[in-house]
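K.L.:
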DNA sequence: CTGTTAGCGCCTTCAC
DNA sequence: GTGAAGGCGCTAACAG
């Protein structure tokens, strides 16, 4: 009645060879005479044998699974990355253990701990802040880690991203150029380096080059959600902003709808540039101009980088920066 | 230099007890004297010991991980389900191995096979068709399976869904009621039972009750994508449809934008009811009227059901049907 | 090319 | 309440 498993031992017996030989053919070891290989394969087929990956993992100390910590699969930005990660993982015969963290430090630490207990061969971390507790867990195990779609100022772990400074600088520049005097910046928490350091820096640089004074009241910290965007538009109007750079597409759609709902014309009376170029940017009317981060590729490259690290290959540069563009659509003039 | 792991054996030695005792305290077995428990816990803390889940899995034949086969994480419908699944899984100390299948039979079979090899304790399958090869894999292993957000006409495996027949019947009814003579139905492949059997049936029943003749030219098979929707609107116009029921929200948004782009007024000149009530339905202008499937809950309940099955608890009913509503928004009169 | 022999780290009877 | 011992199914030297 129990899931009667047939083991490598059964196959060995039936095929009149040793377990070692069976193991060899299963693992594609060339040191097997074609004839015996054929015989073994035949028995495997007949018995419908399937290697037990757990046992294999224990013996070989490799699980061929990697842990992926994601803030929220439900957010297109992250799910797009995740898709790239999974596809490349599959390509390299890895599986993904996916865990949502809501960027909640406690959850992150807890999930990281169980992932490590499960002996994942590597980790991909999405999330914009590497707290000390997370860093501690990382270094405590020697498991390779890659950050996808974010950046670690200390460059202690691998990371795949774009040049956030340059991207936001360029976006700000365009908005300034088209005549906006007051361009707002709406990102997530400024305690996250990607926002507080990089994006903000790009924003300030653009202002400076245009000789526009920096005004802190134009900086907004928000959740990456549609609701937050909807609520934000009013505040944006209040401070006299005529354009905004949003750090998240859902947030941007919220801002757009907030404007539309008040009868404000986009882009005529208000311009928006968003940051992630997810599918969402094409679904609105007008469509959203966006920084074009190659999301899928960021995930894919991150996973590829991780495979190299797991494979102990030589890594030229563990921080890889992909190219970006500003994709002009209807939300800007 | 190697990831020097400390094992249960080290803890046992340091604490002057046997491995068995350590195992007991780690697993919360009550048969341990408080004093020794305390001592062991202390050593565990000091040595920073973390049980190896792989070894545990081999010995106990339980991995506390479940496999989740998802067509595409990038689609809000599925990612919403996935979120519900993961949250409940976490609650019950399970982890999720997530694998994208694109509803491609070959990928499904292949991934299912590796999931089974990894000894997952259970499986959640999202996808609208249980092909024979999938069924074969399912029954070949005795691993519990639950379908989330779809339905198996044969009810061989567990499933959590809503009453698709009633939902589409109601939606069709409303559209007919508001004066539409030609209501189209745009779903995924009709070979999928959820479409070809259930949704179509609800559609036909509504027509019948309203004494409207069934016209096959009003039935459309589409990919669940924005692009497909965009392209579809033209065809909808061509067959003289004035309203549509879409089986997927991205598809619906595409149809909406297709209409808007041609200057067709929604809902005045064209009405739309979509099926999944994902976040997307709120993001458009007008917002989309939708069948309100409790996506997160479907995922959550599916996972909960699976935990019961893995736990060999008595299951009253392995097909659970959740309630639904029609959420009226701006895309209908 | 193939077989033998140890483990991998932990759980689980079965005694004591 | 605690210890000893035998696996779980497979890989990895090491012989031959």
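Protein chains in written order, with this note's numbering: chain A, 342 to 674; chain B, 342 to 674. We put the beta carbon where it would ideally sit given N, CA and C, even for glycine.
For residue 570/A, which of helix, strand or coil comes out of DSSP?
P.N.:
Note: residue 570/A maps to helix in three-state DSSP.
K.L.:
Does the contact criterion of 3 or more C-beta pairs under 8 angstroms hold for the region 421-439 of chain A versus the region 628-645 of chain A?
P.N.:
Yes, the region 421-439 of chain A touches the region 628-645 of chain A.
K.L.:
Should residue 641/A be flagged as near chain B, meaning a C-beta pair shorter than 8 angstroms?
P.N.:
Output row for residue 641/A: interface = no.
K.L.:
So with CB distances below 9 angstroms, who are the chain B contacts of residue 436/A?
P.N.:
What residue 436/A touches in chain B: 408, 438, 439, 440, 452, 455, 456 and 459.
K.L.:
Verify whether the separation of the beta carbon atoms of residue 572/B and residue 543/B is less than 8 angstroms.
P.N.:
For residue 572/B and residue 543/B, no; Cβs fall outside 8 angstroms.
K.L.:
Using 10 angstroms around the beta-carbon of residue 608/A, count the other beta-carbons present and answer buried if the total reaches 16, otherwise exposed.
P.N.:
Result: buried.
K.L.:
Is it true that the CB of residue 668/B sits closer than 8 angstroms to the CB of residue 619/B?
P.N.:
No, the pair does not count as a contact, with Cβ atoms beyond the cut-off.
K.L.:
Kindly indicate if chain A contains any beta-carbon less than 8 angstroms away from that of residue 421/B.
P.N.:
Yes, because at least one Cβ of chain A sits closer than 8 angstroms to the Cβ of residue 421/B.
K.L.:
Would you check if the distance between the CB atom of residue 502/A and the CB atom of residue 639/A is smaller than 8 angstroms?
P.N.:
Contact flag set, yes.
K.L.:
Using a 10 Å radius around the Cβ and a threshold of 16 neighbouring Cβ atoms, would you call residue 459/B buried or exposed?
P.N.:
That one is buried.
K.L.:
Give the single residue among 531/B, 561/B, 440/B and 654/B whose Cα lies nearest to the Cα of residue 465/B.
P.N.:
The residue with the shortest Cα to Cα distance from residue 465/B is 440/B.
K.L.:
Using a Cβ-Cβ cut-off of 7 angstroms (strictly less than) and excluding sequence neighbours within five positions of residue 569/B, which residues of its own chain qualify?
P.N.:
Contacts found: 563, 592 and 595.
K.L.:
Assuming residue 472/B and residue 446/B make a contact with CB atoms under 8 angstroms, what is their CB distance in whole Å?
P.N.:
That belief holds up - the Cβ atoms of residue 472/B and residue 446/B are roughly 5 angstroms apart, short of 8 angstroms.
K.L.:
With DSSP as the reference, identify every bridge partner of residue 436/A, one or two as the case may be.
P.N.:
In DSSP, residue 436/A forms a bridge with 406/A.
K.L.:
Start and end of the alpha helix (DSSP H) containing residue 454/B?
P.N.:
Per DSSP, residue 454/B belongs to the alpha helix (DSSP H) from 446-458.
K.L.:
Does the beta-carbon of residue 615/A have 16 or more other beta-carbons within 10 angstroms, so that it is buried, or is it exposed?
P.N.:
Residue 615/A comes out buried.
K.L.:
Return the CA-CA distance between residue 342/A and residue 369/B, expressed in angstroms with no decimal places.
P.N.:
Here the model assigns residue 342/A a pLDDT of 32, short of 50, so the residue's position is not dependable and the matter cannot be decided.
K.L.:
Taking DSSP as the reference, what is the three-state secondary structure of residue 586/A?
P.N.:
DSSP places residue 586/A in strand when its eight states are reduced to three.
K.L.:
Between 395/A, 346/A, 383/A and 611/A, which has its C-alpha nearest residue 356/A's C-alpha?
P.N.:
The option with the nearest alpha carbon to residue 356/A is 383/A.
K.L.:
Let me know if residue 361/B comes out buried or exposed under the rule of 16 or more other beta-carbons within 10 Å of its beta-carbon.
P.N.:
So residue 361/B counts as exposed.
K.L.:
Less than 8 angstroms between CB atoms is the rule here; does residue 556/B satisfy it with respect to chain A?
P.N.:
Taking Cβ atoms only, chain A never reaches closer than 8 angstroms to residue 556/B, which makes this a no.
K.L.:
Should residue 589/A go down as buried or exposed, given a rule of 16 or more other Cβ atoms within 10 Å for buried?
P.N.:
Counting Cβ neighbours within 10 Å, residue 589/A comes out buried, since at least 16 surround it.
K.L.:
Closest by CA to residue 662/A, which one among 365/A, 500/A and 354/A?
P.N.:
Residue 500/A is the option with its Cα nearest to residue 662/A.
K.L.:
What's the C-alpha gap between residue 346/A and residue 413/B?
P.N.:
Straight-line Cα distance between these residues: approximately 32 angstroms.
K.L.:
Going by DSSP in three states, residue 596/B sits in which element: helix, strand or coil?
P.N.:
Helix, per DSSP.
K.L.:
Closest by CA to residue 622/A, which one among 353/A, 597/A and 652/A?
P.N.:
Of 353/A, 597/A and 652/A, the residue nearest in Cα terms is 597/A.
K.L.:
Taking Cβ positions, are residue 583/A and residue 612/A nearer each other than 8 angstroms?
P.N.:
Yes, they are a contact pair.
K.L.:
Assuming residue 457/B and residue 475/B are in contact, meaning their beta carbons sit under 8 angstroms apart, how far apart are those beta carbons, in whole angstroms?
P.N.:
The Cβ separation is near 12 angstroms, so there is no contact.
K.L.:
Taking 8 angstroms as the CB-CB limit, is residue 662/B close to chain A?
P.N.:
It does not: the Cβ of residue 662/B has no partner Cβ on chain A nearer than 8 angstroms.
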